[in-house]
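In the numbering used here, the protein residues as written are 560 to 827. Positions of the beta carbon are idealized from the N, C-alpha and C atoms, including for glycine. Quick caveat: nothing in here was measured; it's all calculated off a predicted structure. Reading through the structure tokens given below for one structure.
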């Protein structure tokens, strides 16, 4: 399962999506996620599907590689779907002991499954096609107006960048700890889901110790190189909008406009 963790990783490439300004990709991801929870008709999901497949094709990131990132969170999605199935009041279609599956619960569970899947895919495309440094610069530049409200935008962007960088590092560290414990007789493969989860508990202590050690080393390295926040810092590669970025903004506006038209005129 750890080998299937692709969230937060960068997939090298030179596609049109890779070359877009990170601010455009951040805004596009935000617009797409908002549309998933604002428009819930079949036609809206069909348009979202076309948009996702188009972006995946243009980004040249293999669809199999993207879908592989869904495996580690499958259990979380399954629990969410089950809660929606049996905890939503409405017309009962099936009763198992005291658990009641309702017609409204089935519809809501389907909506939630589609939303979570597309949300993860959309967010993954952002990280697959944007380096952590570009993502930090785009987030800091896009939220620069919040500095007037005394919001530490640079620090927030830096923390997000470091968190994204630490995901693959911690995955590798977890894999090394698992191999070391397997060499000492630990078993992480046999048994059901709950037994495997229980077997992962002994990994937490050495993993947390390693994470804190790496965080301390990173802090010392940043201080040794004279890092004191974002005040007065300049960028080696300033972000500038190009023609392709403005075209991407127009495509986003068209996507939102079509979603609104579908909600008004199409009732399915």
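Query raised in the report: Would the stretch 664-680 and the stretch 691-708 be scored as touching if the rule is three or more Cβ pairs under 8 Å?
Result: No, because fewer than three Cβ pairs between the stretch 664-680 and the stretch 691-708 fall closer than 8 Å, the two stretches do not touch.
Requested in this report: Give the straight-line distance between the Cα atoms of residue 655 and residue 626, rounded to the nearest whole angstrom.
Outcome: Position 96 of the chain shown, counted from the start, is the residue given in the question as residue 655. Position 67 of the chain shown, counted from the start, is the residue given in the question as residue 626. Separation of residue 655 and residue 626 (C-alpha to C-alpha, rounded to the nearest whole angstrom) is 33 Å.
Query raised in the report: By Cβ distance below 6 Å, which residues in the same chain neighbour residue 534 in space, the five residues on each side in sequence not counted?
Result: With the chain covering 560 to 827 only, the question about residue 534 has no answer from this structure.
Report task. Tell me where the beta strand (DSSP E) around residue 511 begins and ends. Result -> Within the shown structure, residues of the chain are numbered from 560 to 827, placing residue 511 beyond reach of any answer.
Query raised in the report: Can you tell me whether residue 643 is buried or exposed, with buried defined as 16 or more other CB within 10 angstroms of its CB?
Result: Position 84 of the chain shown, counted from the first residue, corresponds to residue 643. Buried: at least 16 other Cβ atoms inside 10 Å.
Query raised in the report: Can you tell me where the alpha helix (DSSP H) with residue 659 in it begins and where it stops?
Result: Along the chain shown, read from residue 1 onward, the residue named residue 659 stands at position 100. Careful: residue 659 lies outside any alpha helix (DSSP H), inside the beta strand (DSSP E) at 658-661.
Report task. Assign residue 680 to buried or exposed, taking buried as 16 or more other Cβ atoms, counted over all protein chains shown, within 10 Å of its Cβ. Result -> Sequence index remark: in the chain shown, residue 680 carries index 121 (1-based). Label assigned to residue 680: buried.
Query - Complete runs of the alpha helix (DSSP H) confined to the stretch 625-705 [at least 4 residues] - result: Runs of the alpha helix (DSSP H) inside the stretch 625-705: 633-646, 662-687 and 691-701.
Report task. Please go through the same chain and pick out, in chain order, the residues whose beta-carbon is closer than 8 Å to the beta-carbon of residue 777, but skip the five residues on each side of it. Result -> Here residue 777 corresponds to residue number 218 of the chain shown, with the count starting at 1. Short of 8 Å from the beta carbon of residue 777, and not among the five residues preceding or following it, lie these beta carbons of its own chain, in chain order: 721.
Query raised in the report: When the distance is taken between beta carbons, is residue 815 closer than 8 Å to residue 590?
Result: In the chain shown, counting from the first residue as 1, residue 590 sits at position 31. In the chain shown, counting from the first residue as 1, residue 815 sits at position 256. A contact, by the Cβ cut-off of 8 Å.
Report task. Could you tell me if residue 581 is buried or exposed, where buried requires 16 or more neighbouring beta carbons within 10 angstroms of its beta carbon? Result -> Counting from 1 along the chain shown, the entry for residue 581 is found at position 22. Taking a 10 Å sphere around the C-beta of residue 581, we find 16 or more other C-beta atoms and assign the residue as buried.
Query raised in the report: Which whole runs of the beta strand (DSSP E) in the stretch 713-781 are 3 residues long or more, in chain order?
Result: DSSP runs (the beta strand (DSSP E)) wholly in the stretch 713-781: none.
Query raised in the report: Taking C-alpha atoms, which residue in 619, 697 and 583 lies nearest to residue 574?
Result: What you label residue 574 is simply residue 15 of the chain shown in a count that begins at 1. Relative to residue 574, the option among 619, 697 and 583 whose CA is nearest is 619.
**Report entry** At least three beta-carbon pairs within less than 8 Å, the stretch 707-714 to the stretch 722-737
**Finding:** Cβ pair count under 8 Å is below three, so no.
Query - Given residue 810 as reference, the closest of 587, 570, 571 and 788 once Cα atoms are compared - result: In the chain shown, residue 810 corresponds to position 251, counting from 1. Of 587, 570, 571 and 788, the residue nearest in Cα terms is 587.
**Report entry** Same chain, Cβ closer than 6 Å to residue 569, five either side skipped, listed in chain order
**Finding:** If you number the chain shown from 1, residue 569 lands on position 10. Closer than 6 Å at the Cβ level, and outside the excluded window around residue 569, lie 690.
Query - For residue 803, the first and last residue of its enclosing alpha helix (DSSP H) - result: Taking the chain shown and counting its residues from 1, the one referred to as residue 803 is at position 244. Residue 803: member of the alpha helix (DSSP H) spanning 802-824, first to last residue.
Query - Stretch pair the stretch 815-824 + the stretch 596-605: three plus CB contacts closer than 8 Å - result: Touching, yes.
**Report entry** Contacting residues, own chain, Cβ-Cβ under 6 Å from residue 688 (five flanking each side not counted)
**Finding:** The residue you call residue 688 lines up with position 129 of the chain shown. Result list for residue 688: 576, 577 and 618, in chain order.
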